[in-house]
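Chains as they are written, first to last, in my numbering: chain A, 1 to 324; chain B, 325 to 648.
Take a look at the structure below.
Protein chains: 2
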Amino acid sequence: MNTNQAQELQHALEAIRQRTITNIYFVACGGSKAIFEPAQYICDLETDIPSALYTGNEFNYRMPKALGKTSLVVTCSHSGNTPETVEATRIAREAGALTVCLSFKPGSELWEAAEYGISYTWGPESKPSESNSPMLYRLVFGLLNILDPQEKYQRAMEALENLDGVIARNKAATLSTGMAYGADYKREPIIYTMSSGECYGVAYSFSLCLLMEMQWIHSQPIHSGEYFHGPFEITDYDVPFLIILGRGKTRSMDERALAFAKKFSNRVEVVDTADFDMHEVPEDLQAYFAPLVAGGVLRQYADGLAHHRGHPLSVRRYMWQMPY
Amino acid sequence: MNTNQAQELQHALEAIRQRTITNIYFVACGGSKAIFEPAQYICDLETDIPSALYTGNEFNYRMPKALGKTSLVVTCSHSGNTPETVEATRIAREAGALTVCLSFKPGSELWEAAEYGISYTWGPESKPSESNSPMLYRLVFGLLNILDPQEKYQRAMEALENLDGVIARNKAATLSTGMAYGADYKREPIIYTMSSGECYGVAYSFSLCLLMEMQWIHSQPIHSGEYFHGPFEITDYDVPFLIILGRGKTRSMDERALAFAKKFSNRVEVVDTADFDMHEVPEDLQAYFAPLVAGGVLRQYADGLAHHRGHPLSVRRYMWQMPY
Chain A
1 MNTNQAQELQ HALEAIRQRT ITNIYFVACG GSKAIFEPAQ YICDLETDIP
51 SALYTGNEFN YRMPKALGKT SLVVTCSHSG NTPETVEATR IAREAGALTV
101 CLSFKPGSEL WEAAEYGISY TWGPESKPSE SNSPMLYRLV FGLLNILDPQ
151 EKYQRAMEAL ENLDGVIARN KAATLSTGMA YGADYKREPI IYTMSSGECY
201 GVAYSFSLCL LMEMQWIHSQ PIHSGEYFHG PFEITDYDVP FLIILGRGKT
251 RSMDERALAF AKKFSNRVEV VDTADFDMHE VPEDLQAYFA PLVAGGVLRQ
301 YADGLAHHRG HPLSVRRYMW QMPY
Chain B
325 MNTNQAQELQ HALEAIRQRT ITNIYFVACG GSKAIFEPAQ YICDLETDIP
375 SALYTGNEFN YRMPKALGKT SLVVTCSHSG NTPETVEATR IAREAGALTV
425 CLSFKPGSEL WEAAEYGISY TWGPESKPSE SNSPMLYRLV FGLLNILDPQ
475 EKYQRAMEAL ENLDGVIARN KAATLSTGMA YGADYKREPI IYTMSSGECY
525 GVAYSFSLCL LMEMQWIHSQ PIHSGEYFHG PFEITDYDVP FLIILGRGKT
575 RSMDERALAF AKKFSNRVEV VDTADFDMHE VPEDLQAYFA PLVAGGVLRQ
625 YADGLAHHRG HPLSVRRYMW QMPY
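Written out as structure tokens, the structure reads:
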């Protein structure tokens, strides 16, 4: 991470160290909400402090009664001006909670609303290890290390510094696969995604942001466990599924869904995070890091669709085009 | 509720009274998971004890670190033999948590796995007020009344006894609308549902269980708040939405989504829970009770689709047909 980020993170963690935290809320919308999924998953596994994840206005209107002075509320907005997320940060801060935001835009409304801000970089020129998810992971592992100091969390911090090479190598290894996926699936009006555990957020953002928002392709991010309790009846020879196999505790759930889907559909594509070469990341942390790599890899699948459909990922018909 | 149910509920509540509860987990799959959505919503609003909702195997493989002797774990399976839910109940009980299950089948595996069981009735011959959701509500309001005794929770218990009339009247009032919906939407290959807050679970079960499982129609239960952060770009003149307007705190989120969807799609159907005549239910509880009525009303929309598509709701191609 860069010098600003290191300082911002340090300030936020110092503030956390000085507080008693009894619950954690992650609040954001869309793609920013998706990156919180693995963070909440990691918290569930590593600490007995309960954590929960809400979309902005569900949090604002619901206003959980447990929100208060011993809450940590982490919010994220790329532009820093997502109204629901700004409002959530204000509400949380007024309730006495410790508020930390992540944003691409220091000085934005969100940045002003939160007590502590952590900036991230973005785009082809920037380092993936300084983008939103890795900065969030540093906050989460830093928090865990305060709650229950462990060398594992220190190793996690170090591994995040080596992320650029891991992501670049695995993107390079899957570049042609992503392009071929685009050619093969370009005529599909609907593509389901499926995953669970640490990788569910990747399926969520691929469905909602890449397929629906950026490609106008119908979708649903099906939870691999829920698949067998309703959604699997939709499976047929011509129904496309993009299944992301996790690398951790819930992998067998994804494998079961994959085995079934492959039996009855000829249109199943798999992104197996166990195939990622992540040797720089300690083995006991590879599952946690898998979504960070999967995000970069799947972006190439979206690039493939965009290219072969002649529909750039930057096109919108409503977003940024009108008030709503 | 019937005599057995009253006794079962009393035993479960007595056990809760004797324990210190610091967190609550609701665990189930598919349609049973959907009925837990408003229960978790009510807990968020009424108590500062954190609660969370998981599908069976996500809970089992994740095994939140906060699960322990001061946890209350509520599970539900209609058949009582959903393997993931039975396993979740066992895991929770082994961890020392207080386990309460709901099931149509007393004596089932689930029933045996849980420390306490609450039975419910089902089907055309039975009273809706004795079915799964109302029994769950009795458990939740009973729990809340133990944590923080209030006449509101006692009124809730009483109102649940008057539910049969409320549901029957509102079903009668919407019977022809549901049938007309089926005629109008029978050719649609995809139907999105949308809602939030107390009614999100109704959208979830309509999408996953009624449309996908029982009608093989593509779907996604979009959260009204998330709609504007990706999914809304899929909106077009011919894209069908079934929007369930809640009656409570998150209603304006649903209204905003409705206003946008109607502007760009000619295929928007609304189920407005504010139109339900719920005069037997105290006004401050009507929002909480809205999903119980909406469930019955929406079943008629599914009946309408089934009738006009010649595809009975009882048909399955995989479920109950093969091991998976």
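In this text, a Cβ means the ideal position worked out from N, Cα and C, and glycines have one as well.
Source: prediction; values computed, not measured.
Item	Value
Cutoff 8 angstroms: A:His229 Cβ touching any chain B Cβ	yes
Counted within 10 angstroms of its Cβ, other Cβ atoms place A:Asp238 as buried (16 or more) or exposed	exposed
Buried or exposed by the 16-neighbour rule on C-beta atoms within 10 Å, applied to A:Gln7	exposed
CB of B:Leu422 within 8 angstroms of CB of B:Ala339, strictly	yes
A:Cys29: contacting residues in chain B (beta-carbon distance under 8 angstroms)	Gly549, Glu550, Phe552, His553
Within 9 angstroms of chain A by C-beta, residues of the segment 554–582 of chain B in sequence order	Gly554, Pro555, Phe556, Glu557, Ile558, Thr559, Asp560, Val563, Gly572, Lys573, Thr574, Arg575, Ser576, Met577, Arg580
First through last residue of the alpha helix (DSSP H) which encompasses A:Ile35	30–46
Coil, strand or helix - A:Asp277 by DSSP	coil
Interface residues of the segment 508–533 of chain B facing chain A [CB-CB below 9 angstroms]	Pro513, Ile514, Tyr516, Ser520, Gly521, Tyr524, Ser529, Ser531, Leu532, Cys533
Where the beta strand (DSSP E) containing B:Ile470 begins and where it ends	That residue, B:Ile470, is in no beta strand (DSSP E); its alpha helix (DSSP H) goes 456–471.
DSSP beta-bridge partners of B:Asp521	The amino acid occupying residue 521 of chain B in the given sequence is Gly; Asp does not appear at that position. The partner list for B:Gly521 (beta bridge, DSSP) is empty, contrary to what the question assumes.
Proximity winner among B:Tyr516, B:Arg575, B:Lys586, B:Asp601, relative to B:Leu566 (alpha-carbon distances)	B:Tyr516
Neighbour-count burial assignment, A:Asp277, 16 or more Cβ in a 10 Å radius	exposed
Rounded Cβ spacing between B:Lys389 and A:Asp284 (contact assumed at less than 8 angstroms)	Not quite, the Cβ-Cβ distance comes to about 16 angstroms (not below 8 angstroms), so this is no contact.
As assigned by DSSP and simplified to three states, the class of A:Asn23	strand
Residue burial classification, B:Gly619 (beta-carbon count within 10 angstroms, cutoff 16)	buried
Straight-line Cα distance separating A:Gly68 from A:Ala95	5 angstroms
Reduced DSSP category for A:His218 - H, G, I as helix; E, B as strand; rest coil	strand
Positions along the segment 311–322 of chain A whose CB lies within less than 7 angstroms of some CB in chain B	Arg316, Arg317, Tyr318, Met319
Through-space distance from A:Arg316 to B:Arg511, alpha-carbon basis	28 angstroms
Buried versus exposed call for B:Trp435 [16 or more other C-beta atoms within 10 Å across all chains shown]	buried
Simplified DSSP state of B:Ser401, which is helix, strand or coil	strand
Residues of the segment 374–398 of chain B with Cβ closer than 7 angstroms to any Cβ of chain A, in chain order	Pro374, Ala376, Thr379, Gly380, Asn381, Glu382, Tyr385, Arg386, Pro388, Lys389, Ala390
Presumed contact (8 angstroms Cβ cut-off) between A:Ile190 and B:His542, rounded CB distance	6 angstroms
Three-state secondary structure assigned by DSSP to B:His635	coil
Closer than 8 angstroms to chain B by CB, A:Tyr41	yes
8 angstroms Cβ cutoff, B:Trp540 in contact with chain A	yes
Per-residue burial, B:Gly441 [other beta carbons within 10 Å of its own, 16 or more giving buried]	buried
Extent of the continuous alpha helix (DSSP H) run through B:Gly502	487–509
Closer than 8 angstroms to chain A by CB, B:Asn347	yes
Cβ contact (3+ pairs, closer than 8 angstroms) linking the segment 578–593 of chain B and the segment 454–474 of chain B	no
Where A:Asp254 falls, given that 16 or more other Cβ within 10 Å makes a residue buried	buried
Chain-ordered chain A contacts of B:Leu487 [CB-CB under 8 angstroms]	Result: empty, since nearest Cβ-Cβ is about 24 angstroms, beyond 8 angstroms.
Min CB distance A:Asp277 to chain B below 8 angstroms	no
Rounded straight-line distance, which links the Cα of B:Gly628 to that of B:Ala504	7 angstroms
Cut-off 8 angstroms between Cβ atoms - residues of its own chain near A:Val140, not counting five sequence neighbours on either side	Ala39, Ile42, Cys43
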